[in-house]
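Chains D and S, in that order, give the protein sequences. Residues 1 to 373 in UniProt numbering are what the first sequence spells out, letter by letter. Residues 1 to 152 in UniProt numbering are what the second sequence spells out, letter by letter. For glycine and all other residues, C-beta sits at the position ideal for the given N, C-alpha and C. None of the values given here were measured: they were computed from a predicted structure.
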Amino acid sequence: MLIPFSMKNCFQLLYNRQVPAAGFKKTVKNGFIIHSISNDVYQNLAVEDWIHDHMNLEDKPILFFWRNSPSVVIGRHQNPWQECNLNLMREEGIKLARRRSGGGAVYHDMGNINLTFFTTKKKYDRMENLKLIVRALNAIHPQLDVQATKRFDLLLDGQFKISGTASKIGRTTAYHHCTLLCSTDGTFLSSLLKSPYQGIRSNATASIPSLVKNLLEKDPTLTCEVLMNAVATEYAAYHQTDNHIHLINPTDETLFPGINSKAEELQTWEWIYGKTPKFSINTSFNVLYEQSHLNIKVFIDIKNGKIEICNIEAPDHWLPLEILDKLNSSLVGSKFCPTETTMLTNILLRTCPQDHKLHSKWNILCEKIKGIM
Amino acid sequence: MRAVLCSLCAVLAPAAPCLLRAWQLGAGVIRTLCMGLALLSVCKFTEKHECVTTENGVGTVGISNFAQEALGDVVYCSLLEVGTKLNKQDEFGALESVKAASELYSPLSGEVSEINEALAENPGLVSKFCYEDGWLIKMTLSNPSALDEIRS
C-alpha cells in the first residue's frame, strides 16, 4: 500500500520514538527509509559520509532519498576540467561537488532522485538494489522496459540511460548510490557535462557519455514523489519493514553529531579541485591583435590542483620575454583557478612598465589563460 | 612437481595467490617460486584484505588475491604521499573498479617511505603478485614486532 509521506506523520513518528540526543543511530531499527529535507548537494553527501562512518548497519540497512538543486557531481578520482564546462557552471551558479564514491560525472536537479542503499560490506550487492528499483517501476508501470546493465546502469527501452551507479566500500560498511531521471533538464545536462577544455592529458577516471531520457517523458504519471513512494514500498516489502519515509534534516547536529564539519570539508577547494589526479595541459590559442593572429602555446602541469610547471609561450615581438618569464614563474605553485590567477596577474601588472599597449596585451593574454581554468 | 608445489601452497597460505601462474613464465620460474614461497612464510593477511610483508623494519603492503578478485579490474589507484604517518587501520588510499571506490587501510603503524608510481599509469598491476609488481606502499614501521598481532 502506498503511504504518501506527510510531514505530520513523519514528525509524529520521530516524536513518538523520542529521538534522543545520541540521535539518529538509536532510531534506526531493522531497515529504515529516510528522505533529506535539504536540497544542498554538500549537506546531502555529508549524510552519506556520516552514516558510513558512524553506523553499524548489521541488520539495519538504510535507504536514503535525496534531491539537489542544480549541481554537477563528479566521482572520487575524476578531473572536473575533463568532465564538465566549469565556465558555464560559474556563469549559471551551478555547484560542483566531488563525491567519495567512484564512477562518472552526473548532473543533478530537482527532477533527479538520488537513492543510497547503505548496508554492511558483506551485504553489499548493487545488482540486487537495481533489481529492486526495476520491480518498483514495474509495479506502477508494468509495461515499462527497464533493464540493468553489467555496468550497473538502468536502461529504458534498451537505449536510454535513466540511472547511473557509483559506490563506496569502507571497513565494515558500504553504500551504493544511483540517480533516477524523472524530469531533469536534459538540454542543460548535456551542455554542462561537455568539457570545452582542450589538450588535457590525465589518468583520471573518465565518464562514458550516454543518451539519457526522463521517465516522465515515457509516462506523465511518473513524478518524483510517485517514484520515491514506489521504491520505498518495494524496499519495505523486501526488508519486511514499514514503508514510512522519515524526513531528516542534514544540518541537525543533535541527530548527526559532527555532520556540519563533514559538509564543510566537501565544499573546500582542497577537496573539490585539489583531489584531482595529476594532469597536464598542452594547448594553444589564437589572439587577435591589430588585425593579425598570434599563436600562444600553453604547457601546464597540475598536481593537487596547483600549477607545478608553467610554460606559456608567446611571440617575443608581441610581449617581452622577461614579462612572460615573470608570468610563468609567478603562476608556479598557485591554484589552477581563475580567481587566484586574476589576483596574481593584477599584482604582477603593477610591476610592469606603465605602457597602455603592454597592459592591453597583458589583459588579453590573461583573459585567455583564465579561460582554460 | 606441480602436485608437490600445489600442496606446499595449500599448507603455507591457503588464501594466497596461486604461484603456479609463475610456472608458465619459463626461465627464472624456479627462482620466482622459491622467492614466492619464502615471502608467503612471512606474509600476513589482515582481515581487511590488505596484506603485508616485512624485512628490516620496512613493510610492503599489497592487496590479497581474495580482495583483488572481489574488486575485479582496477581502473584507478590513489595513494597518500611519501612521508605520511599512518596508524594501524588509517586509510592510506583507495582503489577504484567499475565505479566502486574501495578504501585501503594500513595494516600497521609507520611512515610511508615509498609508493608504487607504476600504478598511476597502470592500475591493473595490483592484480599481479602483491609483493612484486602489485605492491601499493612501503612503510618504515614504528613497531616491527607488531606484525605478529596480525592474523596469519
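Distance check for D/PRO61 and D/ASP325, CA to CA, integer angstroms please. 58 Å
Since I believe D/THR172 is in contact with D/LYS121 (beta carbons under 8 Å), could you give me their beta-carbon distance rounded to a whole number of angstroms? 6 Å
Does any residue of chain D have a CB that is nearer than 7 Å to the CB of S/LYS85? no
So with Cβ pairs under 7 Å, would you call residue 159 of chain S a contact of chain D? The shown model of chain S, from 1 to 152, leaves out residue 159 of chain S, and the question about it has no answer.
Report the option in S/VAL52, S/ASN56 and S/ALA70 whose CA atom is closest to the CA atom of S/GLY62. S/VAL52
Just reading off the alpha helix (DSSP H) that D/LYS150 is part of, what are its end residues? Per DSSP, D/LYS150 belongs to no alpha helix (DSSP H) and is neither H nor E.
Those residues which DSSP pairs with S/HIS49 across a bridge: None; S/HIS49 has no bridge partner.
D/ASN138 versus S/VAL126 - alpha carbon distance: 41 Å
Just list the residues that DSSP pairs residue 188 of chain S with in beta bridges. Missing from the structure shown is residue 188 of chain S; chain S here goes from 1 to 152 and no further.
In whole angstroms, give me the CA-to-CA distance for D/ILE300 and D/PHE24. 47 Å
Cut-off 7 Å between Cβ atoms - residues of its own chain near D/LYS297, not counting five sequence neighbours on either side: SER284 and GLU313
Please state whether the Cβ-Cβ distance between D/CYS352 and D/LEU331 is less than 7 Å. no
Based on Cα-Cα distance, which residue from D/TYR289, D/LEU266 and D/THR149 lies nearest to D/SER210? D/THR149
Does S/GLU96 get closer than 7 Å to chain D when you measure Cβ to Cβ? yes
I want to see whether chain S comes within less than 7 Å of D/SER167, judged by CB atoms only; does it? yes
Per DSSP, what kind of secondary structure is D/ALA139 in: helix, strand or coil? helix
To the nearest angstrom, report how far apart S/GLY83 and D/LEU181 are at their CA atoms. 44 Å
Through-space distance from D/TYR42 to D/GLY371, alpha-carbon basis: 26 Å
Near D/ILE37, what residues of its chain come up, given a Cβ to Cβ distance below 6 Å and the 5 sequence neighbours on each side ignored? LEU247 and ASN249
Burial state of D/LEU288, where buried means 16 or more other Cβ atoms lie within 10 Å: exposed
Please confirm whether S/LYS99 has its beta-carbon closer than 7 Å to some beta-carbon of chain D. yes
In whole angstroms, what is the alpha-carbon distance linking D/VAL146 and D/ASN286? 48 Å
Within 10 angstroms of the Cβ of S/ASN56, are there 16 or more other Cβ atoms? Answer buried if so, exposed if not. exposed
Between S/GLU114 and chain D, is any beta-carbon pair separated by less than 7 Å? no
The alpha helix (DSSP H) with D/SER329 in it runs from where to where? 321-331
So if DSSP puts D/ASP301 in a beta bridge, which residue, or which two residues, is it bridged to? D/SER280 and D/ILE309
Kindly indicate which three-state DSSP category D/PHE256 falls into: helix, strand or coil? coil
Beta-carbon proximity list for D/TRP362, same chain, < 8 Å, skipping 5 on both sides: LEU319, ILE323, THR345, LEU349 and CYS352
From D/ILE133, D/HIS108, D/LYS194 and D/GLY274, residue whose alpha carbon lies closest to that of D/PHE117: D/ILE133
Please confirm whether D/GLY93 and D/ALA166 have their CB atoms less than 7 Å apart. no
Are D/HIS52 and D/GLY164 closer than 7 Å when you measure CB to CB? no
Alpha carbon to alpha carbon, how far is D/SER183 from D/SER191? Give it in angstroms, no decimals. 17 Å
Would S/SER78 pass as an interface residue toward chain D - the criterion being a Cβ-Cβ separation below 7 Å? yes
Taking 8 Å as the cut-off, does the region 109-118 of chain S touch the region 98-112 of chain D (at least 3 CB pairs, one atom from each stretch)? no
Going by DSSP, what residue range makes up the alpha helix (DSSP H) through residue 375 of chain D? Here chain D comprises residues numbered 1 to 373, so residue 375 of chain D is not present and cannot be evaluated.
Report back the beta-carbon spacing between D/ALA46 and D/ILE245 to the nearest angstrom; my notes put them in contact at under 8 Å. That belief does not hold up - the Cβ atoms of D/ALA46 and D/ILE245 are roughly 20 Å apart, past 8 Å.
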